[in-house]
Amino acid sequence: MNFEFSEPEQRFIDRVRAFIAREAEKNYADEVMAPEREAHSQLADSPERREFCRQLAAEGLLGLSWPKEYGGQELPGIYDYFVNEELAAVGAPLIGKGIGIIGQTLIEKGTEKQKQYFLPKILAGEIEFALGYTEPGAGSDLASLQLKAQRDGDGFRLNGQKTFNTSAHFADWYWLAARTDNSGPSKYHGITLFLIPMDSKGISVSEIETMACHRTNEVFFDDVRVSAADVVGEVDKGWELMCQALDYERFTLFTYSPLRLKFDALVATLRDWKVAGQAALETDHVRRKLARLGSKLEVAKMHQRRVICAAAEGRVPTVESAMCKLYCTELGQEICDTAMDLLGPQALLSEGVDEAPLDGRWESALRATVVDTIGGGSSQVQKNIISRRHLGLPNPN
Ligand SMILES: Cc1cc2nc3c(=O)[nH]c(=O)nc-3n(C[C@H](O)[C@H](O)[C@H](O)COP(=O)(O)OP(=O)(O)OC[C@H]3O[C@@H](n4cnc5c(N)ncnc54)[C@H](O)[C@@H]3O)c2cc1C
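Numbering-wise (this note's numbering), the sequence shown opens with residue 486 and increments by one.
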């Protein structure tokens, strides 16, 4: 069995690297490429970031797996993964929600008008989205969402609240799940997906700062009027689309490279470190811990490849994505925990303090890796998916 990439794949990776090397020469490089940046902060907005996304588009690196009729290149999904992996390796913005989540779903279920309007803008890197799923009473149990979309003439009126909606303070469009019917046979029925302009009258956004110093938002809806043309798919039948979009999210937003970068940074920090007067890298228990983490990194890489293989076979990689998200985000946390153990109290010093190893990165990375295990579905939720869909265990709920 050969786990290496084929020659055309390797040539493509070299092409992406050449593009990144050219971008790294530009005067905005420090703003758009920061390998020490944590995954969620790659979602922040800036004019430089938007320009970088346009350059990605101009280079033809967006929508590689989309059908040609929608401006794509009909390459296997693995090519989108290559781009994301190389971007993540330099801490650049990933191709993200537009290409990976919203575009894919619109191609399958959108109306012709939605495809004509959104797909070219996504491909040109010109449009930002926020995902509006979570509510104060509906996070892991997402199907309990209650933001109300009430019929009003030929459209709907939205009232209620969302929470933890990242990017809502700068996005152009909102990918929103709302309750259109509460009388159905189960809570999974009666949810509808909408695509609405973020500047619609009656929407207000306020900041939530996470422990990872990453901004996310609460969003309030006060009689927001939307039209029937803003519905994605069928009214009351949004749940299936959301599940599929969540699988794409776990796949596109959780890359392997940041784990590798963290591990390499830990080894580099320990190179100049002493434990009880002895060089850290010559100490048995340090070497044992690093060998274990190094092996786990290879397992993480294989999880990623299983997701890619499932996608390449045309399957939605539900179980594979859940395993990959669970394993990779918990490994990120384990690498930071190991840094804390091996570097001792100094690792707790934060950015800007003179004695802080790696300029306080371990302290901030530890906080950020906790957040990674929650966003996009918590670790416990991933375990539930694996136990039900992979192991066939009964659902206790
Ligand atoms: C940084 C960040 C960005 C986010 N961005 C977005 C976004 O853009 N859009 C969006 O819609 N949402 C977003 N979220 C929300 C995220 O998806 C939810 O936080 C997540 O699904 C958990 O929901 P909750 O916070 O309500 O916690 P809860 O669901 O209340 O869970 C609390 C705890 O109970 C556990 N738990 C819950 N149910 C079960 C169960 N059945 N079995 C075992 N354990 C269980 C959970 O694992 C967790 O540990 C983001 C969250 C974060 C942290």
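Note that the Cβ used here is the ideal one computed from N, Cα and C, for glycine as well. Note that this is a predicted model, so its numbers are computed, not measured.
Residue i (DSSP reduced to helix, strand or coil)
i      : result
Leu616 : strand
Lys600 : helix
Ala623 : strand
Lys633 : strand
Tyr659 : strand
Pro561 : coil
Glu611 : coil
Thr677 : strand
Lys672 : coil
Glu783 : helix
Ser864 : helix
Glu805 : helix
Glu840 : coil
Glu510 : coil
Identity of the residues DSSP links to residue i by a beta bridge
i      : result
Lys647 : Val704
Arg710 : Arg642
Pro682 : Trp658
Gln763 : Val760
Val967 : An answer regarding residue 967 cannot be provided, because it is not within the stretch 486 to 882 covered by the chain.
Arg688 : For the record, residue 688 in the displayed sequence is Ile; it is not Arg. Paired residue(s): Phe706.
Arg664 : Lys633 and Ile676
Inter-residue CB distance, residue i and residue j (contact presumed, cutoff 8 Å)
i      : j      : result
Lys747 : Gly817 : 6 Å
Val575 : Pro520 : 6 Å
Gly622 : Ser629 : 6 Å
Asp666 : Gly675 : 3 Å
Thr590 : Leu726 : 6 Å
Val760 : Val771 : 6 Å
Glu815 : Ser872 : With a Cβ gap of about 16 Å, Glu815 and Ser872 do not count as contacting.
Lys600 : Tyr555 : 6 Å
Ala850 : Cys821 : 5 Å
Thr740 : Leu778 : Contact flag wrong, Cβ pair sits at about 18 Å.
Residue i burial status per 10 Å Cβ neighbour count (16 or more: buried)
i      : result
Cys811 : The residue you asked about is not Cys; residue 811 is Leu in the sequence shown. With 16 or more other Cβ atoms within 10 Å, it is buried.
Ala543 : exposed
Thr596 : exposed
Asp839 : exposed
Arg636 : exposed
His875 : exposed
Arg846 : buried
Glu508 : buried
Ser531 : exposed
Ser491 : exposed
Asn702 : buried
Gln867 : buried
Leu715 : The question names Leu, but residue 715 in the sequence shown is Asp. By the neighbour-count rule (16 or more Cβ atoms within 10 Å), Asp715 is buried.
Ser742 : buried
Lys686 : exposed
Arg800 : exposed
Next on the checklist: Within 8 Å, do at least three Cβ pairs link the stretch 635–654 to the stretch 688–699?
Outcome noted: With a cut-off of 8 Å, the stretch 635–654 and the stretch 688–699 count as touching, because enough Cβ pairs lie within range.
Checklist entry - Would you say the stretch 590–609 touches the stretch 544–556, given that touching needs at least three Cβ pairs under 8 Å? => result The count of Cβ pairs closer than 8 Å, one atom from the stretch 590–609 and one from the stretch 544–556, reaches three, so the stretches are in contact.
Item to check | Meets three-Cβ-pair contact criterion under 8 Å: the stretch 764–778 and the stretch 585–605 | outcome: The stretch 764–778 vs the stretch 585–605: no contact.
Checklist entry - Are at least three pairs of beta-carbons, each pair with one atom in the stretch 775–795 and one in the stretch 829–836, less than 8 Å apart? => result Contact between the stretch 775–795 and the stretch 829–836 is absent, with fewer than three C-beta pairs closer than 8 Å.
Checklist entry - So, do the stretch 556–566 and the stretch 503–519 have three or more beta carbon pairs nearer to each other than 8 Å? => result The stretch 556–566 is not in contact with the stretch 503–519.
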